[in-house]
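Working notes, structure below.
2 protein chains.
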Amino acid sequence: MSILAIGTVAFDAIETPFGKVDRILGGSATYITLAARYFTNEIRLSAVVGHDFPQSDIALFHENGINTDGLIIDPAGKTFFWSGKYHMDLNNRDTLQTDLNVLATFDPKLPNSYLNSEIVCLGNLDPSIQLNVLNQLHQPELVVLDTMNYWIERTPEKLRAVLERADVLIINDAEARQLANVPNLIKAARIIRAMGPRYLVIKKGEHGALLFGEEAIFSAPALPIEDVVDPTGAGDSFAGGFVGYLASVRNYDFESLKLAVIYGSTMASFNVEAFGPDRLLHLTRSEIIHRADRFRMLGAIPEEVYEAI
Amino acid sequence: MSILAIGTVAFDAIETPFGKVDRILGGSATYITLAARYFTNEIRLSAVVGHDFPQSDIALFHENGINTDGLIIDPAGKTFFWSGKYHMDLNNRDTLQTDLNVLATFDPKLPNSYLNSEIVCLGNLDPSIQLNVLNQLHQPELVVLDTMNYWIERTPEKLRAVLERADVLIINDAEARQLANVPNLIKAARIIRAMGPRYLVIKKGEHGALLFGEEAIFSAPALPIEDVVDPTGAGDSFAGGFVGYLASVRNYDFESLKLAVIYGSTMASFNVEAFGPDRLLHLTRSEIIHRADRFRMLGAIPEEVYEAI
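Protein sequence lines, in the order shown, are assigned to chains A and B.
Start counting the first sequence at 1; every next residue gets the next number (the numbering used here).
Start counting the second sequence at 310; every next residue gets the next number (the numbering used here).
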């Protein structure tokens, strides 16, 4: 089953309290596709890079089975560049530099071969671009949407238009509160689901994730990780594992969404173990299954003993 | 199986963004015993109150099957009084007034009938008092300890002495970081367990709780609550449900501790639905079981589908 991931492909400069890299492959679409590719074969990338994007990085996508027909190389400028520095607790970071470069004029016309994509993962981008992509596609089965505080604040009407067409929205808790304009997450979830998406995933970082559906809520644990090396791309790795799993089972009921959250968390937990996307490059099926199993054991509640009361 | 709960019995004045009460029964031992009494019959209270403590409140303990032989009435002063005001998000509060009153000279000599208590719940008090109580008891089977940032900061050596004798420590995430002096909770848990307690429960409020044991970690979800009326006593209600469940099954292995965490969370979730301890007064077995079941459904992860990868 095919997944189209549209987002950014970038170069990142990342500094944590424990190390730094000056220039590493990054971007939402990079993390989404590298994570999703373990679950299904037909992964389609849509993004734009500049004249400074090396052939070796395009080859990296190919080596990982990712279709780059929709990866535009814009010779007029450089690849999107982001530089960030994480605080001691690794939950917060400062953006030191954001050079949109060719991303500023990104106006994707999808290859014909992409138009029948069954699952589309709209990575964090200007909602105008996300709408543009949806309008080109021939009725995807599942639309998964990511956004960020910047668009919630600056382009609320465009964002609403995309939300109406989304099946799943994946955001973090601060964004959920901002989007719904209420402090309580449960109330926020109800408000947001009424905007369009029948499923809402609220990521809470080290506190796990909440999945809200028609009639149920699922609370997924976070893996207790002692040494986070680099949190960059964790959210997009989550999205990749999430859509990847759904593509592999081709089922979008609540139970499947729960497992999608678990596999998303699994891929994110690998991602943070190394700088950039490195840890996503050489995983095995066995490692992924064992890691997902750890999540299950972590949250497993024994059968109740009613005689206790 | 008997539980001894030692802590405070107090009068609280509580203000939230949604209401206020000027004087309501409170205190750690009040919440612990009122929660635990649903699980086992032999609940023993040890605390001190002043000349202003009405007979009707003593009767309240009796009506709920709580043994007050160890409730000292000190005629020389008033009952401990606390006044607090919660912020909009209800996660933070300001203490407006703390009148220790008779608590300042609390020096419990336990009734003989209490000395064979099998589970002892040492509510948040000066570690000297906690040690004093442990020294009087005849080899309890399980020692469950609560403390707070005040004692971690002011009396670290006395606290260490109690920790060495505790089987379970229940604290919140900020206190865990403070006690272990590291920011990472997993590292903090290892450091704290090496201080004495073989089990550590880290409460994370709206983010659930973590249970750390010899070889395993359990992540319990938090019930999504839309309208918290009053968070006062939630932590002590948790402790009461926790020790109550363990007293009822008389088993202290990791699986039992997991369920104890679930029942503790269950009792805390009832407690916050009304001011003070009111919601703990008229629960039914059926309500408690159904609420615990909601926690299970909330965190239930379906059996994995290995063919997904």
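Ideal Cβ positions, reconstructed from N, Cα and C, are used throughout, including at glycine.
Interface annotation, residue 326(B): not in contact with chain A, CB-CB separation never under 8 Å. The segment 364-383 of chain B makes contact with the segment 335-350 of chain B; the number of CB pairs closer than 8 Å reaches 3 or more.
In the three-state scheme derived from DSSP, where H, G and I count as helix and E and B as strand, residue 484(B) is classed as helix. DSSP places residue 537(B) in no alpha helix (DSSP H); its state is neither H nor E. In chain order, 516, 517, 528 and 530 make up the part of chain B whose C-beta sits under 9 Å from the C-beta of residue 208(A). When DSSP states are grouped into helix, strand and coil, residue 97(A) belongs to the strand group. Measuring C-alpha to C-alpha distances from residue 388(B) to each of 456(B), 464(B) and 414(B) identifies 414(B) as the nearest. Exposure of residue 328(B) is indicated by the presence of fewer than 16 other C-beta atoms within 10 angstroms of its C-beta.
Against chain B, the beta carbon of residue 295(A) has neighbours under 8 Å at 610, listed in chain order.
Contact annotation: residue 120(A) and residue 144(A) have beta-carbon atoms nearer than 8 Å. Bridge pairing for residue 509(B): 478(B) and 521(B) [DSSP].
At the C-beta level, residue 128(A) and residue 44(A) stay beyond 8 Å of one another. Nearest Cα to residue 348(B) within the set 374(B), 331(B), 358(B) and 366(B): 374(B).
By alpha-carbon distance to residue 279(A), the top candidate from 192(A), 230(A) and 113(A) is 230(A). The Cβ atoms of residue 194(A) and residue 187(A) do not sit closer than 8 Å to each other. With contacts defined by Cβ atoms closer than 8 Å, residue 222(A) and residue 240(A) do not form a contacting pair. Listed in chain order, the beta strand (DSSP E) runs fully inside the segment 335-372 of chain B are 352-358, counting runs of at least 3 residues. Per DSSP, the unbroken alpha helix (DSSP H) holding residue 269(A) starts and ends at 254-271. About 6 Å separates the CB atoms of residue 492(B) and residue 89(A); that is less than 8 Å, so the two are in contact.
For residue 15(A), the secondary structure class from DSSP, reduced to helix, strand or coil, is strand. Residue pairing from DSSP places residue 146(A) in a beta bridge opposite 170(A). Around the beta carbon of residue 456(B), 16 or more other beta carbons sit within 10 angstroms, so the residue counts as buried. Bounds of any beta strand (DSSP E) do not take in residue 92(A), whose DSSP letter is neither H nor E. Neighbours of residue 493(B) across chain A, judged by C-beta separation under 7 Å: 226. Shown here, residue 413(B) sits in a helix according to DSSP, grouped into three states. Residues of the same chain with a CB within less than 8 Å of the CB of residue 138(A), apart from the 5 flanking positions on each side, are 115 and 116 in chain order.
For residue 130(A), the CB contacts under 6 Å within the same chain, skipping 5 residues up- and downstream, are 122 and 162 in chain order. 8 Å or more divides the Cβ of residue 345(B) from the Cβ of residue 316(B). Shortest Cα-Cα distance from residue 396(B) to any of 365(B), 582(B), 511(B) and 323(B) involves 323(B). In the assembly as shown, residue 361(B) is an exposed residue. Its beta-carbon has fewer than 16 other beta-carbons within 10 Å. Below the 8 Å Cβ cutoff, chain B contributes 492 as neighbours of residue 89(A), in chain order.
The alpha-carbon of residue 286(A) is positioned some 24 Å away from that of residue 528(B).
For residue 232(A), the closest alpha carbon among the candidates 1(A), 2(A), 3(A) and 16(A) is that of 16(A). Distance from the CA atom of residue 499(B) to the CA atom of residue 572(B), rounded to whole angstroms, is 24 Å. DSSP places residue 278(A) in no beta strand (DSSP E); its state is neither H nor E.
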